[in-house]
Amino acid sequence: MQQYILSKKNVITVISGLLIALGFFSHFVLENVGLSEWSLIIASVFGITPIAIQAFQAMKVKIISIDVLVSIAAIGALFIQNYEESAIVTFLFLFGHYLEQRTLNQTRSAIKELTEMAPESALKQMDNGEFEEVEVDDVDEGDILLVKTGAKVPVDGTVLTGEGHINEASITGEAVPVNKLADAEVFAGTILENGTIQIRADRVGEDTTFGKIIELVEEAQDSKSEAERFIDRFSKYYTPAVLVLAIVVWAFSQNIELAITILVLGCPGALVIGVPVSNVAGIGNGARNGVLLKGSEVIQDFSNVDTIVFDKTGTLTVGNPTVAATELYEKDSAETLGYLASVERESDHPLAKAVLNQIGETNFYPVEGTEVVKGGGIVSSVAGHRVAVGNVALMEKENVTLSKKVQKDVKRFEQQGNSLVLTAVDGELKVLMGIRDQVRPGVKANLQELKDLGVKNLVVLSGDNQGTVDVVAGELGLTEAHGHMLPEDKSAYIGKLQQRGQIVAFVGDGVNDSPSLALADIGIAMGSGTDVAIETSDVVLMNSNFSNLPHALGLVKATANNMKQNIAISIGVVLVLLTSVFFSEWMNMSIGMLVHEGSILVVIFNAMRLMKYKLKGRKEQKEVSVPAEKVKIS
Numbered sequence: 092m093q094q095y096i097l098s099k100k101n102v103i104t105v106i107s108g109l110l111i112a113l114g115f116f117s118h119f120v121l122e123n124v125g126l127s128e129w130s131l132i133i134a135s136v137f138g139i140t141p142i143a144i145q146a147f148q149a150m151k152v153k154i155i156s157i158d159v160l161v162s163i164a165a166i167g168a169l170f171i172q173n174y175e176e177s178a179i180v181t182f183l184f185l186f187g188h189y190l191e192q193r194t195l196n197q198t199r200s201a202i203k204e205l206t207e208m209a210p211e212s213a214l215k216q217m218d219n220g221e222f223e224e225v226e227v228d229d230v231d232e233g234d235i236l237l238v239k240t241g242a243k244v245p246v247d248g249t250v251l252t253g254e255g256h257i258n259e260a261s262i263t264g265e266a267v268p269v270n271k272l273a274d275a276e277v278f279a280g281t282i283l284e285n286g287t288i289q290i291r292a293d294r295v296g297e298d299t300t301f302g303k304i305i306e307l308v309e310e311a312q313d314s315k316s317e318a319e320r321f322i323d324r325f326s327k328y329y330t331p332a333v334l335v336l337a338i339v340v341w342a343f344s345q346n347i348e349l350a351i352t353i354l355v356l357g358c359p360g361a362l363v364i365g366v367p368v369s370n371v372a373g374i375g376n377g378a379r380n381g382v383l384l385k386g387s388e389v390i391q392d393f394s395n396v397d398t399i400v401f402d403k404t405g406t407l408t409v410g411n412p413t414v415a416a417t418e419l420y421e422k423d424s425a426e427t428l429g430y431l432a433s434v435e436r437e438s439d440h441p442l443a444k445a446v447l448n449q450i451g452e453t454n455f456y457p458v459e460g461t462e463v464v465k466g467g468g469i470v471s472s473v474a475g476h477r478v479a480v481g482n483v484a485l486m487e488k489e490n491v492t493l494s495k496k497v498q499k500d501v502k503r504f505e506q507q508g509n510s511l512v513l514t515a516v517d518g519e520l521k522v523l524m525g526i527r528d529q530v531r532p533g534v535k536a537n538l539q540e541l542k543d544l545g546v547k548n549l550v551v552l553s554g555d556n557q558g559t560v561d562v563v564a565g566e567l568g569l570t571e572a573h574g575h576m577l578p579e580d581k582s583a584y585i586g587k588l589q590q591r592g593q594i595v596a597f598v599g600d601g602v603n604d605s606p607s608l609a610l611a612d613i614g615i616a617m618g619s620g621t622d623v624a625i626e627t628s629d630v631v632l633m634n635s636n637f638s639n640l641p642h643a644l645g646l647v648k649a650t651a652n653n654m655k656q657n658i659a660i661s662i663g664v665v666l667v668l669l670t671s672v673f674f675s676e677w678m679n680m681s682i683g684m685l686v687h688e689g690s691i692l693v694v695i696f697n698a699m700r701l702m703k704y705k706l707k708g709r710k711e712q713k714e715v716s717v718p719a720e721k722v723k724i725s
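Sequential numbering from 92 applies to the sequence shown in our numbering.
Quick look at the structure:
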């Protein structure tokens with residue numbers, strides 16, 4: 092029966108509120124005192140019931156919680172026929188609890204989402220040499236597996252034969268699929284976008300990198316206990332003190348009404364509602380500004396963050412590789428660009444797609460005799476011309492002379508963190524393109540705002556090569572930059588930062604980020620990221636708008652300060668009321684009730700200021716697409 096009543100607390104809150112409204116309507120409009128009193132009495136009984144049950148449960152484990160004080164105060168107010176105070180106190184307590192729980196009960200189905208993404212079957216080579224589909228649990232180390240286009244890699248392994256491009260976003264978070272040749276390492280849970288490969292199983296089941304991701308999320312979530320609310324901690328001292336004070340007053344004065352008055356005046360109505368209202372106001376502001384804050388403990392922890400760790404791709408960068416810079420080595424390049432587009436149209440490589448998007452509308456030519464040069468690029472015959480498209484190694488193989496100007500451009504592009512695509516026609520270099528996943532617009536200014544808000548360390552961790560990571564870090568002025576990092580490396584690094592006493596927030600968007608999001612003191616997910624990243628996180632930046640991050644940090648700091656203000660107001664009012672009972676002649680229960688209600692309005696209005704919070708000195712920011720560098724003609 093107790094559990095049933097507690098499960099209906101929200102319903103009881105609504106009924107209690109309606110009865111209170113009926114009571115005041117009957118008193119002031121209908122002038123029916125009897126109906127008013129009975130409405131308030133019934134509202135009090137409804138409201139007291141779940142609170143008294145919680146108080147009883149707390150007393151059984153020898154904890155004097157704030158539920159105990161509220162129960163005694165409400166019952167005492169009923170005993171001296173102060174039905175309004177009893178009804179209002181219980182309603183405010185239940186309503187405050189509802190407001191807070193509404194934000195705390197965010198479902199976190201990260202483990203389920205990860206499990207659903209794990210591969211379930213594999214094509215295993217049997218004794219007769221044929222490949223048969225088996226459950227992934229039936230794969231052992233050393234087995235030979237076949238992976239076809241569009242399939243998930245079932246285990247961690249090594250490529251034996253074949254070639255293809257694998258999307259490793261679930262492991263490294265990188266947007267560009269990786270070309271896999273013989274002897275290359277592959278990971279479970281990644282997707283073969285094109286090609287066919289045979290692999291040897293090196294690690295299976297829970298030992299795979301993907302299995303470790305799931306394990307890390309489980310461990311990280313288990314290690315994060317809920318922060319105990321300040322009110323509960325405060326009540327350990329406050330509640331017994333008020334109870335003892337009331338008992339002492341009754342023992343010396345034998346005045347039961349005075350003792351109950353102390354309990355009523357000592358009932359922390361504003362304290363009960365003050366913190367949840369601050370939370371809701373802060374969360375409401377965040378929601379209107381593209382920031383989802385998952386609960387009051389998130390606000391407190393986030394406000395104290397001194398180190399923010401970022402994943403690179405999709406977080407600091409756009410997450411979509413594009414042509415960042417182009418050098419043309421002829422005045423009329425339209426025909427050459429048409430040759431290049433014709434060759435790239437034959438490929439589904441992400442870099443080829445970036446090139447086609449950059450060139451746009453053009454004339455296409457018939458392509459013949461295409462030859463794929465492993466690790467180099469493509470050589471084709473286009474409209475009677477030999478066209479080579481690829482990297483510097485391919486140009487050397489094709490005996491294409493690179494002038495000092497070209498060599499200088501190549502070095503500059505590489506230093507900027509670009510992947511290079513060179514195009515030669517009949518042995519003469521015509522076009523150089525640099526392709527990279529570009530930094531989000533305005534992110535440097537946003538990072539400076541974070542520093543201004545008190546963040547001491549800005550760190551980037553990425554699965555990309557160290558050179559590219561260094562370029563991004565240098566451009567943005569980050570404190571540290573680390574590349575070649577797998578998910579377990581990232582979470583281990585965050586653990587080290589926490590061991591040094593730093594309060595760490597992690598910002599990411601991929602499945603590979605979920606262990607770090609869960610382990611960090613505050614996990615922040617970009618809204619366009621995977622469901623598991625969003626569910627594992629404590630804060631979500633909706634629409635992946637990075638400029639919302641400084642607003643979020645400033646907002647939680649303002650909200651945390653607002654909570655402290657409301658707590659100070661609430662406790663201050665109670666102290667004044669209790670002091671006035673003993674040291675003034677004008678204080679009575681009616682005046683005390685008036686001050687109580689006034690303090691509740693004060694903390695509510697104070698909290699509502701958060702609804703209009705804006706980061707100081709900030710101009711309206713909108714993310715725009717990143718244009719490629721202006722094309723230069725040499």
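Ideal Cβ placement from N, Cα and C applies to all residues, glycine included.
Bridge partners of Ile469 according to DSSP: Val463 and Val480. Under the three-state reduction of DSSP, Arg700 is assigned to helix.
Straight-line spacing of the CA atoms in Thr492 and Glu519 works out to 7 Å. Runs of the beta strand (DSSP E) lying entirely within the segment 382-431 and spanning at least 3 residues, in chain order: 382-384, 398-402 and 413-419. Of Phe401, Val478 and Val501, the smallest CA-CA separation from Gly599 is found for Phe401.
Here the alpha carbons of Val551 and Ala564 stand approximately 7 Å from one another.
Beta-bridge partners of Ile282 (DSSP): Lys243 and Asn258. In the structure shown, Val595 falls within a strand segment according to DSSP collapsed to helix, strand and coil. Out of Val647, Leu669 and Asn657, the CA that lies nearest to the CA of Gly377 is found in Val647. Following the DSSP letters along the chain, one finds Gly614 in no alpha helix (DSSP H) but inside the beta strand (DSSP E) bounded by residues Ile613 to Met617.
Around the C-beta of Gly255, 16 or more other C-beta atoms lie within 10 Å, and the residue is accordingly described as buried. In this chain, Gln216 is not harboured by any alpha helix (DSSP H); it is covered by the beta strand (DSSP E) spanning Ser212 to Gln216. By a beta-carbon distance limit of 8 Å, Leu644 does not contact Leu538. Their separation comes to about 11 Å. Taking the Cα positions, Leu513 is about 6 Å away from Val480. Around the beta-carbon of Asp228, fewer than 16 other beta-carbon atoms lie within 10 Å, marking it exposed. For the options Ala143, Val152, Gln172 and Ile171, the alpha carbon positioned closest to that of Asp158 is the one of Ala143. For Ala134, the enclosing alpha helix (DSSP H) starts and ends at Val124 to Lys151.
For His573, the secondary structure class from DSSP, reduced to helix, strand or coil, is strand. Secondary structure note for Phe115: its alpha helix (DSSP H) is the uninterrupted segment Lys100 to Phe116. Within the DSSP bridge table, the entry for Ile154 names no partner. Put simply, the backbone Cα of Phe184 is about 9 Å away from that of Leu362. Here Ser135 is near Leu169, since their CB atoms are less than 8 Å apart. Each residue's CA atom was taken as its position, placing His573 and Ile585 some 12 Å apart. Annotated three-state conformation of Ile166 is helix, per DSSP. Residue range Ser510 to Val516 is occupied by the beta strand (DSSP E) that includes Ser510. Residue environment: Pro578 is assigned as buried (16 or more neighbouring CB atoms within 10 Å of its CB, all protein chains considered). Distances from the alpha-carbon of Ile179 to those of Lys422, Glu505, Phe673 and Gly114 put Gly114 closest. According to the DSSP assignment, Asn270 belongs to the beta strand (DSSP E) that extends over Val269 to Lys271. Beta bridge pairing from DSSP links Ala292 with Gly248. For Met678, there is no enclosing beta strand (DSSP E), since its DSSP letter is neither H nor E. Per DSSP, the beta bridge partners of Met524 are Thr417 and Val512.
Close CB contacts of Glu566 within its chain, under the 8 Å cut and outside five residues either way in sequence, are with Val530 and Lys535 (chain order). Counting only the Cα atoms, Val396 lies some 7 Å from Val546.
Here Gly253 is near Thr287, since their CB atoms are less than 8 Å apart. By the criterion of a C-beta distance shorter than 6 Å, Glu459 is surrounded in its chain by Ser472, once the five residues flanking it on both sides are discounted.
Taking all protein chains in view, the Cβ of Ser394 is crowded by 16 or more other Cβ atoms within 10 Å, so the residue is classified as buried.
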